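Asks: Chains as they are written, first to last, in the numbering used here: chain Z, 4 to 355; chain L, 690 to 952; chain C, 21 to 317; chain X, 2 to 653.
Shown below is the structure under consideration.
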Amino acid sequence: MFYREAGQFKTSYDADSQIFPIRQDRIGVALMLAVAFVVVPLVATPYVFSAILIPFLIFALAALGLNILTGYAGQISLGTAAFMAVGAFASYNFVLRIPGIPLLVAFVLGGLCAAAVGILFGLPSLRIRGFYLAASTLATQFFVVWCLTKIPWLTNNSSSGVITAQKLEMFGYAFESPASKYLLVLCIVLVLALAAKNMVRCSIGRSWMAIRDMDVAAEVIGFRPMRTKLTAFAISSFYCGVAGALYAYAYLGTVEPEAYNLDLSFRILFMVMIGGMGSILGSFLGAAFIILLPIFLSQFAHGFGLPNSIASNLEAMVFGALIIFFLIVEPHGLARLWQIGKEKLRLWPFPH
Amino acid sequence: MAIAARKSGDVILELSNISLSFGGVKALTDISFDVREHEIRAIIGPNGAGKSSMLNVINGVYRPQQGAIRFHGEVRTDMNTHDAARYGIARTFQNIALFKGMSVLDNIMTGRNLMMKATFIEQAIYFGRARREEMEHRRRVEQIIDFLEIQHIRKTPVGRLPYGLQKRVELARALAAEPKMLLLDEPMAGMNVEEKQDMCRFVLDTNDQFGTTIVLIEHDMGVVMDISDRVVVLDYGKKIGDGTPEEIRANPAVISAYLGTVH
Amino acid sequence: MQFFLEVLLGGLLSGVMYALVALGYVLIFKASGVFNYAQGAMVFFAALTCVGFSEMGMSLWLAAPLTMLVMVALALATERIVLRPLVNQNEITLFMATIGLTFFIEGLAQLVWGSQVHPLELGIEDVPLQWMLDRTGIAVSQFDLIAALICAILVAALAVLFSKTKIGRALRAVADDHQAAQAVGIPLQYIWAVVWTVAGFVALVAGLLWGSRNGVQFALTFVALKALPVLILGGFTSVPGAIVGGLIIGASEKLAEVYLGPMVGGGIEGWFPYVLALGFLLVRPEGLFGEKIIRRV
Amino acid sequence: MTGGDPGDTFPRLLLQHAAVRGNRPAVREKDLGIWQTWTWSEEAAEVRAMACGLAAQGFKRGMNLAIIGDNRPRLYWAFAAAQALGGVPVPLYQDAVAQEMVFVLENAEIEFAIVEDQEQVDKLLETVERTPQLQHIYYDDPRGLRNYPHDRLLALDRLLEIGREFDRANPGFYEQSVAAGQPDDIAVMLYTSGTTGKPKGVCQTHASLLAAARGGRDFDKLVPEDEVLSYLPMAWVGDNLFSYAQALAAGFTINCPESGDTVMIDLREIGPTYYFAPPRVFENLLTQVMIRMEDASKLKQALFHYFMGVARRVGADILDRKPGIGAGDRLLYALGNFMVYGPLRNVLGMSRVRVAYTAGAAIGPDLFRFYRSIGINLKQLYGATETCAYVCLQPDGQIKLDTVGLPAPGVEVKIADNGEVLVRSAAMLKGYYKRPDATAESIDPDGYFRTGDAGFFDADGHLKIIDRAKDVGKLAGGAVYAPNYIENKLKFFQYIKEAVVFGNARDMVCAFINIDLGAVGNWAERRGLAYSGYTDLAAKPEVYELIKTCVEQVNVELAADPMVADSQVHRFLILHKELDPDDDELTRTRKVRRGFVEEKYKVLIDALYAGRASQYIETMVKFEDGRTGKVGADVRICDAKYLPAAPARKAA
């Protein structure tokens with residue numbers, strides 16, 4: 004309805020392959036960025052920042068990471084939280100043990116550690132596929148959390164394994180207020196999301212999708228399965244690692260290894276599934292959905308005067324039912340719904 | 690007119706005494722033949738004759754237990770599929786093996802992966818070499834799209850295309866690699882007459898315009914006899930004939946294999 | 021040596037229980053191509069329901085069959101609501117659906133019966149078997165032995181069911197080729213319902229045996245996670261694989277915990293079986309009893 | 002530069018554009034996935050190379066250059082290249098078969114041809130023994146031509162290289178050639194198909210084409226920022242005017258589609274600001290719109306129909322900026338514009354259309370009104386190859402559904418005694434090529450060109466074309482009788498597929514009707530009317546009622562116009578069979594063979610004029626397998642209401 008595409012023709016491949024080829028979309032995105040950077044910091048309350056927006060962005064980043072691996076490269080992983088944990092604890096240790104290291108560098112190094120772990124646990128993917136791989140990624144989950152609990156050095160000999168993330172200080176500025184943390188996280192997430200979008204529209208993204216869709220053919224046209232899968236594991240884990248670090252530094256503050264449990268892995272997986280496999284946008288939509296649903300449900304439960312335990316069980320049931328619902332009705336998730344809606348608007352008033 | 694003007698060059702692929710078996714089941718037995726540069730070489734034979742296995746040996750999907758493969762004069766018996774791709778061997782599959790979740794354009798772009806040199810970091814920031822490469826290869830891919838007349842579907846997800854067009858996209862993906870040698874596994878299977886004619890034209894044009902050597906498996910005898918320069922006939926994993934279409938047509942062993950009972 | 025045997029035997033006995041749970045997976049996987057992640061949740065659900073019934077004053081002999089009825093209902097509902105609409109979807113989608121199912125069942129169980137720990141008493145004492153201790157000096161839990169025995173009988177019964185009966189044959193036909201089986205008149209939906217019911221039964225038994233040891237609580241769902249390495253090792257489709265794999269995992273897990281654990285701080289039961297199974301897979305990707313797959317192009 | 006006013010020949014205009022707006026796009030072509038663009042200076046350079054190449058190959062002043070192919074930049078440049086050398090481009094219809102091309106190739110003594118691709122090369126080579134003088138064929142697309150061992154063939158790329166070399170070796174040659182051109186030189190030769198006899202080559206000069214082009218440019222205020230989609234055959238005068246002459250006159254950009262199949266997609270992408278299409282294109286688009294809307298949800302359909310109703314009521318008036326539209330309607334229209342018209346224009350690719358023209362055939366008033374009501378400034382024009390398609394234009398804001406507008410600036414139009422439209426202007430042919438007889442016949446001593454069309458001016462001075470002059474007759478009462486005009490009016494109803502009217506030298510007009518089986522069948526199904534086939538359906542009283550309302554509506558329209566008020570249809574019948582080319586009732590192009598029909602159905606005509614209520618008739622029909630059979634039926638005859646002729650008759 005809003006789209007007026009007649010006359011938006013492309014005279015170069017550059018213009019044809021831009022991320023938002025339609026002018027109206029570019030305007031929409033610009034507006035959203037303006038809202039995110041200008042309007043939100045002006046109007047949002049600290050509660051909204053720290054209970055909704057910051058975790059939303061962090062989870063979106065983790066979901067993005069998992070989406071690269073599962074949605075684009077077709078390798079199922081149930082160990083997302085483990086990679087997040089590696090990122091968080093590695094960053095913690097870098098800051099702790101290398102005095103004066105810029106926090107941003109520590110995050111990147113944390114991400115790289117996660118990537119290294121990702122490569123290590125991605126190795127089985129070369130020999131095994133499908134469910135075997137899914138089941139084996141659980142090993143990552145258990146092993147990493149076990150390591151963090153059992154090796155005191157990693158948690159700076161904290162008796163309970165709990166660490167307290169160092170102050171969020173960058174470029175000589177202490178990010179203390181929720182709004183400032185939000186803006187920091189927003190910047191990091193946007194940069195990484197852009198990078199992810201760039202990768203998936205380039206050769207490396209095509210290699211992932213090729214391996215996902217038809218691995219034999221991918222090999223025959225010259226993709227190396229090992230390299231492709233391991234880069235997917237590495238890059239995915241890097242994203243998860245950075246998300247994990249932000250989770251600790253910008254969201255929780257104090258964190259124990261158990262915070263990165265299987266449950267978190269599943270939540271991220273749900274974000275990807277509900278948001279849409281193989282879609283950058285889907286990672287954001289999924290994260291928003293999974294963040295908002297419990298809030299909505301607990302409001303709902305409060306409204307009916309239900310105790311918390313019932314609310315949390317209800318939440319699990321609703322999650323479960325929604326997953327099944329989405330798989331049956333729209334296996335490609337919210338992103339596809341969005342896409343369909345957009346197509347409808349582009350074709351409006353015609354149905355097809 | 691086009692065929693008459695074509696001229697075959699030196700031998701570029703030589704298979705000698707190839708034998709292949711799977712767990713004791715012999716798929717290919719002691720097969721030798723060669724392929725000359727720029728020619729269209731057909732492999733024919735009844736079902737289960739080992740034709741696809743033969744192609745799989747040529748591009749390194751299977752490794753023969755015995756025998757040698759020489760490509761451009763060098764022994765390449767131990768190559769894997771990736772090596773084969775690097776040496777300039779591309780192929781299409783009997784059952785379409787496109788990447789279903791990607792658009793036609795992206796599918797064809799994958800064919801050029803070996804020529805893309807940008808690192809993933811460059812790709813992530815989409816700057817400099819990565820961007821330049823995308824544009825350059827896009828231009829080449831567009832020429833192939835133009836060549837195969839699939840402009841109208843370039844942004845369609847391949848899963849939505851009818852069978853005949855999918856076959857064409859698969860050919861496009863193979864051509865995108867600018868192969869020296871193109872292996873086509875039943876490129877015209879399941880097509881109607883019109884689609885077959887188109888495909889024949891594309892195969893001939895490819896051979897003609899790019900000088901690509903083509904090895905093809907095809908069931909349609911009319912097509913094979915029309916477009917190939919030389920034909921190899923397999924039956925039960927053994928070679929029973931080799932020569933020009935005329936020679937093959939006159940070969941008693943071939944006739945009996947095809948007619949079955951004439952002994 | 022005695023200690024080693026004791027550990028080994030204890031491991032093997034729990035291995036039989038792993039095998040039982042693993043068999044639940046194998047059954048469903050063979051019949052419907054679904055890697056049923058919800059198997060653990062079903063164990064939890066079954067045990068909780070059974071305990072719930074008995075807490076309402078029923079005897080175990082009444083509660084168990086009643087629970088079985090509930091499990092049948094659950095199986096039928098799952099087939100109708102989840103599986104049937106997803107027929108012909110790829111396996112990953114189905115797997116994801118069972119993850120959704122997991123959450124739903126877990127939520128439902130706790131919503132109905134509460135999330136506290138429910139003690140469960142089956143009437144078998146968890147004391148070393150005197151007879152064995154006297155003869156060999158090896159202490160083996162009487163409970164473990166009986167539990168293992170029950171599991172063994174069940175495993176054997178399932179193996180027979182799978183290979184000898186008519187329904188077993190139909191089941192294998194379905195496993196080989198859905199469409200072909202349908203074409204020759206095997207009712208797919210019926211087979212699925214049966215298989216899920218059997219899986220529910222397996223879950224009930226496993227849930228009761230495990231629950232009586234540590235009480236019925238949420239941690240029961242992790243029993244299922246124990247069965248996953250068994251599957252990796254034995255293959256998703258192999259009945260003997262599940263049995264042998266269960267024994268191997270059970271034994272090696274206990275041995276590793278006892279002999280390796282202290283060196284690295286203990287608690288390695290959680291991940292050791294996975295690493296073992298993975299290590300094995302890297303050497304032999306087709307699993308214990310799998311056939312080498314020739315990739316056709 | 003020497004000689005002549007810069008800008009009085011096309012090559013000189015091109016140089017001027019290259020100098021004034023060298024970096025602005027002159028032409029685009031969808032090729033290899035994107036709109037490849039050439040600026041005016043690039044175009045000028047290419048034309049220069051092509052001209053020099055042709056010269057190097059022996060192309061001389063006065064020679065004719067055949068141009069055959071789809072709309073492609075290099076073929077347009079070939080026009081300019083030939084003109085730069087003082088030669089004459091002769092575009093041929095690209096879908097003509099080889100045999101049809103031979104006549105033109107022989108008649109125009111073609112020695113040089115620039116063609117698109119293998120297909121056209123094949124056609125030219127096919128008849129090579131009949132056109133021995135055709136020694137140079139240049140092809141744009143080398144696909145499939147690599148191995149053609151033909152010494153007459155050369156790739157256009159190669160020609161351009163030769164041209165560049167020649168240019169370097171002969172500096173000043175091109176400038177001299179361009180300077181030597183005169184406005185009165187023949188700029189292009191267009192062959193008219195001609196309903197009878199052999200095609201004739203219409204010679205238009207630079208001056209005549211430019212007069213038409215500049216007239217149109219000033220009339221519609223075309224500017225260099227305008228965009229057109231060039232997709233109509235290059236051999237047709239319209240394309241030559243819109244895509245070549247006006248582009249050079251106004252300096253706007255032409256856009257060539259990727260292929261014939263992708264025109265609609267390319268139209269959407271480009272979103273032209275200046276658009277031309279024959280009525281059938283507009284009709285197909287509208288049909289598609291309606292079909293696609295049928296699948297829409299009920300809510301959307303309701304929305305669509307509601308706002309289309311608003312548009313019908315006020316849309317055209319708002320477009321014409323007529324006063325007296327209430328604020329409420331304006332608001333509704335604005336809302337509709339956002340919800341329906343805007344998106345619709347967008348989907349049709351006409352969001353940016355500032356001026357759109359249709360011509361070539363009568364356009365149905367509903368069709369015409371539809372486009373205008375959704376805010377597309379669609380207008381009609383009237384012209385012929387001989388007048389550079391430039392005679393009458395509808396000015397913005399003065400749109401009438403059934404006229405072709407006012408005489409264009411610089412054009413004199415008068416009506417001959419027999420009703421034929423006569424035209425005199427600067428944009429007229431110099432003559433028919435090698436046919437002084439035909440030239441003399443079509444231009445009268447006063448310099449007026451006989452269009453062959455019959456028409457008249459209405460009260461506001463708008464020209465109304467009613468028929469071919471030779472078909473126009475008189476009723477017994479002496480009033481003008483134009484059968485086509487009436488038949489077209491009838492055929493604009495979707496229910497009427499074919500109509501044949503009678504009335505020449507009779508006292509009243511009667512009509513045969515063929516119903517449209519699809520549309521009427523649909524209509525019948527919706528009201529639960531069962532029928533077994535065409536004959537059955539045609540005889541239904543309900544259908545007669547339906548058609549009667551259509552006929553009476555035509556009568557109302559006719560009555561409003563004093564010139565044709567006497568031609569109201571008094572009686573009609575619905576034929577029991579469809580008129581069919583197999584039965585020789587229609588030509589293969591589906592035009593009615595009036596004489597044949599008149600003879601074959603004489604019984605029915607007699608019955609119509611005898612005032613009978615029905616008539617039995619048996620007719621021979623040919624079945625698809627070639628057998629013949631008889632179809633008999635009682636055909637009912639129906640009287641239609643007609644109005645008394647308007648009293649304002651004297652005013653005409």
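Backbone N, C-alpha and C fix where the C-beta goes; we use that ideal spot for every residue, glycine too.
Please read all numbers here as calculations on a predicted model, not as lab measurements.
Taking buried to mean at least 16 other C-beta atoms within 10 Å of its own C-beta, is X/Pro344 buried or exposed?
Replies: Buried: at least 16 other Cβ atoms inside 10 Å.
Asks: Tell me which same chain residues have a C-beta within less than 7 Å of the C-beta of L/Leu709, skipping the five on either side of it?
Replies: Excluding sequence neighbours, L/Leu709 sits near Ala716, Leu717, Ser742, Val746, Tyr751, Pro753 and Gln754.
Asks: Distance check for X/Arg153 and X/Leu135, CA to CA, integer angstroms please.
Replies: Near 8 Å, if we compare the C-alpha coordinates of X/Arg153 and X/Leu135.
Asks: Quickly, what does DSSP pair L/Arg730 with across the bridge? List them, please.
Replies: In the DSSP output, where bridge partners are listed per residue, L/Arg730 has L/Val904 and L/Arg919.
Asks: Which partner residues does L/Ser708 have in the DSSP bridge list?
Replies: Beta-bridge pairing links L/Ser708 to L/Gln755.
Asks: For Z/Tyr16, would you say it is in contact with chain L, using Cβ-to-Cβ distances shorter than 8 Å as the test?
Replies: Chain L, which has a Cβ nearer than 8 Å to the Cβ of Z/Tyr16, makes this yes.
Asks: Roughly how many angstroms lie between the CA atoms of X/Tyr602 and X/Gly462, to the nearest whole one?
Replies: The straight-line gap from Cα to Cα measures roughly 40 Å.
Asks: So which residues of chain X does L/Arg730 contact, with C-beta pairs closer than 8 Å?
Replies: Going along chain X, no residue has its Cβ under 8 Å from L/Arg730, so there is no contact; the nearest lies around 20 Å.
Asks: At 8 Å on the CB atoms, spell out the chain C contacts of Z/Met320, in chain order.
Replies: Near Z/Met320 (Cβ distances below 8 Å), the residues of chain C are Phe123, Phe124, Gly127, Leu128 and Leu131.
Asks: Since X/Gly376 and X/Gly327 are thought to touch, with beta carbons under 8 Å apart, how far apart are those beta carbons, to the nearest angstrom?
Replies: That belief does not hold up - the Cβ atoms of X/Gly376 and X/Gly327 are roughly 18 Å apart, past 8 Å.
Asks: Does any CB atom of chain D fall closer than 8 Å to the CB of X/Gly87?
Replies: No chain D appears in the structure shown, which is made up of the protein chains Z, L, C and X.
Asks: Does DSSP put C/Asp197 in a helix, a strand or coil?
Replies: Here C/Asp197 sits in coil by DSSP.
Asks: Less than 8 Å between CB atoms is the rule here; does C/Ala117 satisfy it with respect to chain Z?
Replies: Chain Z, which has a Cβ nearer than 8 Å to the Cβ of C/Ala117, makes this yes.
Asks: Quick check: what's the CA-CA separation for Z/Pro102 versus Z/Tyr95?
Replies: Those two C-alpha atoms are separated by around 12 Å.
Asks: Could you check whether the Cβ of L/Gln812 sits closer than 8 Å to any Cβ belonging to chain X?
Replies: Chain X, which has no Cβ nearer than 8 Å to the Cβ of L/Gln812, makes this no.
Asks: Alpha carbons only, please: which of Z/Pro352, Z/Leu187 and Z/Phe269 is nearest the one belonging to Z/Glu61?
Replies: Residue identity check: residue 61 of chain Z is Ile in the sequence provided, not Glu. Ranking the options by Cα distance to Z/Ile61, first place goes to Z/Leu187.
Asks: Identify the continuous beta strand (DSSP E) that holds X/Trp39 and give its terminal residues.
Replies: Ile35 to Thr40 is the extent of the beta strand (DSSP E) around X/Trp39.
Asks: Which one or two residues does DSSP pair with L/Glu763 in a beta bridge?
Replies: Its beta-bridge partners are L/Phe760.
Asks: Roughly how many angstroms separate the alpha carbons of X/Ala611 and X/Val636, rounded to a whole number?
Replies: Whole-angstrom Cα-Cα distance: 14 Å.
Asks: Please classify Z/Ile154 as buried or exposed, where buried requires at least 16 other C-beta atoms within 10 Å of its C-beta.
Replies: With fewer than 16 Cβ atoms within 10 Å of its Cβ, Z/Ile154 is classed as exposed.
Asks: Please confirm if Z/Pro88 has its CB atom under 8 Å from at least one CB of chain X.
Replies: One point to set straight first is that residue 88 of chain Z is Ala, not Pro, in the sequence displayed. No, Z/Ala88 does not count as interfacial toward chain X.
Asks: When you compare only the Cα positions, how much space is there between X/Met2 and X/Ile319?
Replies: Any reading at X/Met2 needs caution, since the residue's pLDDT is 39, under 50, leaving its predicted position unreliable; the model's value is listed next. When rounded, the distance between both Cα atoms is 49 Å.
Asks: Taking the beta strand (DSSP E) that X/Gly456 belongs to, which residues open and close that run?
Replies: Element bounds for X/Gly456: Phe450 to Phe458.
Asks: So with CB distances below 7 Å, who are the chain Z contacts of C/Leu106?
Replies: The answer, in chain order, is Leu330 and Ile331.
Asks: Note down, in chain order, each residue of its chain lying with its Cβ closer than 7 Å to the Cβ of X/Gly310, except the 5 sequence neighbours on either side.
Replies: Closer than 7 Å at Cβ, skipping near neighbours: no residue.
Asks: Check whether the Cβ atoms of Z/Met274 and Z/Ala290 sit closer than 8 Å, and answer yes or no.
Replies: Yes. Within cutoff.
Asks: Which whole-angstrom value is the C-beta distance of C/Gly227 and C/Ala66, which I expect to be below 8 Å?
Replies: Confirmed, about 4 Å.
Asks: Please return the same chain residues whose Cβ sits closer than 6 Å to the Cβ of L/Phe711, not counting the five positions on each side in sequence.
Replies: Once the five neighbours on either side are set aside, L/Phe711 has no close Cβ partner at all.
Asks: Which of the three DSSP states is assigned to X/Ala114 in this structure?
Replies: If DSSP states are grouped into helix, strand and coil, X/Ala114 belongs with the strands.
Asks: Report the neighbours of Z/Leu317 on chain C: residues whose CB is nearer than 9 Å to its CB, in chain order.
Replies: Correct list: Gly127 and Leu131.
Asks: Strictly below 8 Å CB to CB, what residues from chain C border Z/Met276?
Replies: Near Z/Met276 (Cβ distances below 8 Å), the residues of chain C are Met116.
Asks: Check each residue of the region 254–275 of chain X: if its Cβ is closer than 8 Å to any Cβ of chain L, include it; give the result in chain order.
Replies: Listed in sequence order: Glu259, Ser260, Asp262, Thr263 and Ile266.
Asks: Mind pulling the chain C residues with CB within less than 8 Å of Z/Ala137?
Replies: Correct list: Phe55 and Phe115.
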